[in-house]
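Numbering (the working numbering), first residue to last: 8 to 285.
See below:
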């Protein structure tokens with residue numbers, strides 16, 4: 008039986024088919040690369056004094072971090088879960104009571120109705136009064152709509168629990184704050200109204216760079232580099248998220264000592280009860 012040879016694929020057809028497959032593969036590879044390329048970078052390995060089983064808050068860093076929050080962050084971000092009295096309590100920045108009262112009095116909060124039951128003045132403005140230690144930090148905006156209107160539609164998050172709420176914790180926040188000044192890779196386009204930051208998902212963020220060298224003047228003479236300000240405000244916000252951390256660690260250490268001692272007593276009792284059983 009004679010076999011008829013197969014006809015060769017026309018060169019024009021085979022070439023176009025190969026080129027089409029190659030183009031499709033290239034587009035697919037580019038899409039996958041583009042999708043993976045904007046995954047946020049791992050956080051920097053910044054060390055903080057409060058980490059580890061025996062870590063404690065650095066009081067100087069807490070006070071400097073409060074200053075950074077007050078002078079830089081408070082214009083957009085609330086700290087709803089913190090009251091001025093917390094600044095004077097043990098385990099925190101530990102300002103004196105006089106300092107705490109002065110810090111509170113420098114801030115205006117909504118006043119209670121006056122003797123006439125009015126909550127606004129003759130110009131329609133809300134009645135205000137100086138804050139006291141029992142007051143919480145006032146929010147920078149009246150409501151969410153006002154916050155979005157002032158930030159091109161973006162809603163600045165409350166910072167009370169931000170260190171606990173973000174994967175990576177304090178290292179993530181520190182990296183984000185220091186990542187604005189890194190250079191975008193060639194070919195990466197930042198959309199209008201956005202800012203490049205490789206430590207944020209998608210590499211673009213609506214918040215403009217909040218920190219600048221010497222953006223604040225520390226009262227203790229510490230040099231206010233971007234890195235120092237980021238370290239200090241991250242320490243302050245870590246305390247805001249867990250103000251009783253030092254008490255928790257002390258209690259945990261005491262419980263461990265008790266359990267070890269109790270285990271020793273139980274073992275001694277066991278030996279005494281069963282010493283004549285064998």
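Ideal placement from N, C-alpha and C gives every residue a C-beta, glycine not left out.
Who pairs with residue i in a beta bridge, going by DSSP?
i, result
"residue 211", "203"
"residue 137", "115"
"residue 143", "90"
"residue 127", "133"
Could you tell me whether the Cβ atoms of residue i and residue j are closer together than 8 Å?
i, j, result
"residue 213", "residue 161", "yes"
"residue 83", "residue 163", "yes"
"residue 181", "residue 237", "yes"
"residue 140", "residue 61", "no"
"residue 112", "residue 137", "yes"
"residue 294", "residue 235", "For residue 294 there is no data in the structure shown, the boundaries of the chain being 8 and 285."
"residue 63", "residue 55", "no"
"residue 286", "residue 220", "Outside the shown range of the chain, which is 8 to 285, sits residue 286, and nothing can be said about it."
"residue 186", "residue 204", "yes"
"residue 5", "residue 170", "Coverage of the chain is limited to positions 8 through 285, which leaves residue 5 absent and any answer about it impossible."
"residue 167", "residue 81", "no"
"residue 251", "residue 98", "yes"
"residue 215", "residue 188", "no"
Would you say residue i reaches chain C, if we count a Cβ-Cβ gap shorter than 8 Å as a contact?
i, result
"residue 235", "Among the chains in the structure shown there is no chain C, since it carries only a single protein chain."
In this structure, how does DSSP classify residue i when only helix, strand and coil are distinguished?
i, result
"residue 31", "For residue 31, the pLDDT reaches just 48, beneath the cut-off of 50, and the residue's location in the model is therefore unreliable, although a value from the coordinates is still provided. If DSSP states are grouped into helix, strand and coil, residue 31 belongs with the helices."
"residue 73", "helix"
"residue 3", "For residue 3 there is no data in the structure shown, the boundaries of the chain being 8 and 285."
"residue 6", "No answer is possible for residue 6: the residues shown for the chain start at 8 and end at 285."
"residue 45", "coil"
"residue 182", "helix"
"residue 177", "helix"
"residue 282", "coil"
"residue 254", "helix"
"residue 269", "helix"
"residue 170", "helix"
"residue 110", "helix"
"residue 316", "Nothing in the structure corresponds to residue 316, since the chain is present only between 8 and 285."
"residue 64", "coil"
"residue 197", "coil"
"residue 229", "coil"
"residue 12", "Caution is warranted here: a pLDDT of 49 is assigned to residue 12, below 50, making its placement in the model unreliable, and no coordinate value can be reported."
"residue 260", "helix"
"residue 274", "helix"
"residue 219", "coil"
"residue 95", "helix"
Relative to the C-alpha of residue i, which residue among the options is closest?
i, options, result
"residue 253", "100, 79, 75, 78", "100"
"residue 249", "110, 51, 172, 264", "172"
"residue 122", "134, 130, 111, 112", "134"
"residue 47", "228, 207, 225", "207"
"residue 142", "130, 157, 117", "117"
"residue 356", "267, 49, 246, 73", "This structure does not reach residue 356, given that the chain is present from 8 up to 285, and the question cannot be answered."
"residue 79", "104, 106, 184, 256", "184"
"residue 209", "191, 150, 263", "191"
"residue 114", "77, 88, 97, 149", "77"
"residue 110", "97, 98, 93, 119", "93"
"residue 218", "98, 75, 265", "75"
"residue 96", "86, 108, 85, 87", "108"
"residue 87", "132, 120, 149, 155", "149"
"residue 53", "278, 175, 255", "175"
"residue 59", "165, 119, 256, 222", "256"
- request: Would you check if there are 3 or more beta carbon pairs closer than 8 Å linking the segment 188 to 201 to the segment 259 to 271?
  value: no
- request: Could you tell me whether the segment 224 to 241 touches the segment 62 to 81, where touching means 3 or more Cβ pairs closer than 8 Å?
  value: yes
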